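Engineer: All residue numbers for the sequence shown refer to our numbering, where the first residue is 32 and numbers rise by one.
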Amino acid sequence: MIIKNLELKDFRNYESLNLKFHNKVNIFLGDNAQGKTNILEAIYISSLGKSFRTRDDSDMIRFGSEFAKVRVDAEKDDEDICVELIFTDKGKGVKVDGVKIRRTAELLENIYAVVFSPEDLKIVKEDPERRRKFIDTEISRISAAYFSRLSDYKRIIKQRNAFLKDSKFTNGRCDVAILDIWDEQLAGYGAEVILRRNEFIKKLNVISKKLHSGITGGKEDIEIVYEPNVEVCDNLNEQRELFKKSLAASRQKDLASGTTGIGPHRDDIAILVNGIDIRKFGSQGQQRTSALSLKLAELRLIKEETGENAILLLDDVMSELDASRQNFLVNSLGDVQLFITTTDLGDDVKAALPEGKTFYVNSGTALEK
Numbered sequence: 032m033i034i035k036n037l038e039l040k041d042f043r044n045y046e047s048l049n050l051k052f053h054n055k056v057n058i059f060l061g062d063n064a065q066g067k068t069n070i071l072e073a074i075y076i077s078s079l080g081k082s083f084r085t086r087d088d089s090d091m092i093r094f095g096s097e098f099a100k101v102r103v104d105a106e107k108d109d110e111d112i113c114v115e116l117i118f119t120d121k122g123k124g125v126k127v128d129g130v131k132i133r134r135t136a137e138l139l140e141n142i143y144a145v146v147f148s149p150e151d152l153k154i155v156k157e158d159p160e161r162r163r164k165f166i167d168t169e170i171s172r173i174s175a176a177y178f179s180r181l182s183d184y185k186r187i188i189k190q191r192n193a194f195l196k197d198s199k200f201t202n203g204r205c206d207v208a209i210l211d212i213w214d215e216q217l218a219g220y221g222a223e224v225i226l227r228r229n230e231f232i233k234k235l236n237v238i239s240k241k242l243h244s245g246i247t248g249g250k251e252d253i254e255i256v257y258e259p260n261v262e263v264c265d266n267l268n269e270q271r272e273l274f275k276k277s278l279a280a281s282r283q284k285d286l287a288s289g290t291t292g293i294g295p296h297r298d299d300i301a302i303l304v305n306g307i308d309i310r311k312f313g314s315q316g317q318q319r320t321s322a323l324s325l326k327l328a329e330l331r332l333i334k335e336e337t338g339e340n341a342i343l344l345l346d347d348v349m350s351e352l353d354a355s356r357q358n359f360l361v362n363s364l365g366d367v368q369l370f371i372t373t374t375d376l377g378d379d380v381k382a383a384l385p386e387g388k389t390f391y392v393n394s395g396t397a398l399e400k
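Listed below in structure tokens is the structure:
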């Protein structure tokens, strides 16, 4: 898979921009706050329908404009794909090959783009929610069905929590039949989420181990471990029943607290290096190496699951990596199309990169060298 062209209209600080990309490497050079990341953000949005920087779509609209437009032309399996997104203050519209889509799930599995930014270093060292988001985003990227199930689960959790909160203020008096219905639905959707996460993390662990060993010259062994809030079974029906029993056992506690304390929305992922939990005790170098291993494993897993190379977007991350990590990253990409933003790129990295294009970004313009 490659991105061939990008067109922006009133997107972020770009009034108008049309770029034709190289199928190997595209470097965006410029000072900070000139619009380099905005270009990567636009490509990423064509993949998942959302930004990696903000939850508010209106942030994408250039100041003083009524809408923003992103158009990405890509090639996948020797076929052309066109994704268009329009953002207004009322929401967004998405078209794939000229056909309007109504659900985000319909956008997934068209363009695969993986971003690695300094923010991703927080996957290792910050709260479980960030790690859940990482896993959910990557599974959704290769499985629209998972995205739909996860969305259903989140919807039911929101409804159940609202119900529990109301019951809390009526001394726990509630319509048990309604709670039973929600628990049945929650167990069904949640069981699928749990099993898919478990399967994905096992695969991610195998790939990460090989990559991490390569990055560290065999000095470190990484292990990615699923920490589910509900015990994991091998069978979907058994998982559903086990989740239902867990919800039933936790019901009185949930009614007292006004929130759902059991389920995959409470999951976490342990990241161990040489047996040490680096979420708490790892050095900054170990955390950076682990984040790099996870991102490269993500690329490999997308290739295994879909048969397609994902696009890799490196947003000002080279400066966060030392020379050995930079070289390992560049040399491990194979046929992956690469987009790099940076204020400066070292001569060693330039020499290691395959041929490509360089764009100079300044105040909402991007000019090819």
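Quick reminder that beta carbons are idealized off the backbone N, C-alpha and C, glycines included.
A quick note: this is a predicted structure, and the numbers were derived from the prediction, not measured.
1) Suppose the cutoff is 7 Å on Cβ atoms and the five residues either side in sequence are ignored; what does the same chain contact list for A218 look like?
2) Could you tell me whether the region 134-144 touches the region 175-189, where touching means 3 or more Cβ pairs closer than 8 Å?
3) Given this structure, state the Cα-to-Cα distance separating D347 from L152, to the nearest angstrom.
4) Check for me: the alpha helix (DSSP H) holding D211 runs from which residue to which?
5) Whole angstroms are fine: how far does the CA of R356 sit from the CA of E106?
6) May I ask which residues mark the beginning and end of the alpha helix (DSSP H) holding V361?
7) According to the neighbour-count rule (16 or more other Cβ atoms, all chains shown, within 10 Å of its Cβ), is L343 buried or exposed?
8) Classify F94 as buried or exposed, calling it buried when 16 or more other Cβ atoms lie within 10 Å of its own Cβ.
9) Figure out for me which residue from S96, D109, K326 and I307 has the closest Cα to the Cα of F118.
10) Which whole-angstrom value is the C-beta distance of D41 and P159, which I expect to be below 8 Å?
11) If we require 4 or more residues per run, which alpha helix (DSSP H) segments fall completely within the region 37-123?
12) DSSP beta-bridge partners for K126?
13) Using alpha carbons as the reference points, say which of Q368, G395, T337 and A382 lies closest to L170.
14) By the three-class DSSP mapping on this structure, what secondary structure does T291 have?
15) Quick check on DSSP: helix, strand or coil for T396?
16) Between I307 and S321, what straight-line distance do the alpha-carbon atoms span, to the nearest angstrom?
17) Nearest CA to the CA of S78: which residue from V127, N63 and D108?
18) In whole angstroms, what is the alpha-carbon distance linking V125 and S174?
19) Rounding to the nearest angstrom, what Cα-Cα distance links D252 and F98 in this structure?
20) Output yes or no for whether 8 Å exceeds the beta carbon distance between E38 and G395.
21) With DSSP collapsed to three states, give me the class of K388.
Structural biologist: Inspection of the coordinates gives the following:
1) R271, F274, K275 and L278
2) yes
3) 12 Å
4) V207 to I246
5) 30 Å
6) A354 to N362
7) buried
8) exposed
9) S96
10) About 37 Å separates the two Cβ atoms, so there is no contact after all.
11) 67-79
12) E115 and K131
13) First, the residue type needs correcting, since residue 170 is Ile and not Leu in the sequence shown. It is T337.
14) coil
15) strand
16) 12 Å
17) V127
18) 19 Å
19) 48 Å
20) no
21) strand
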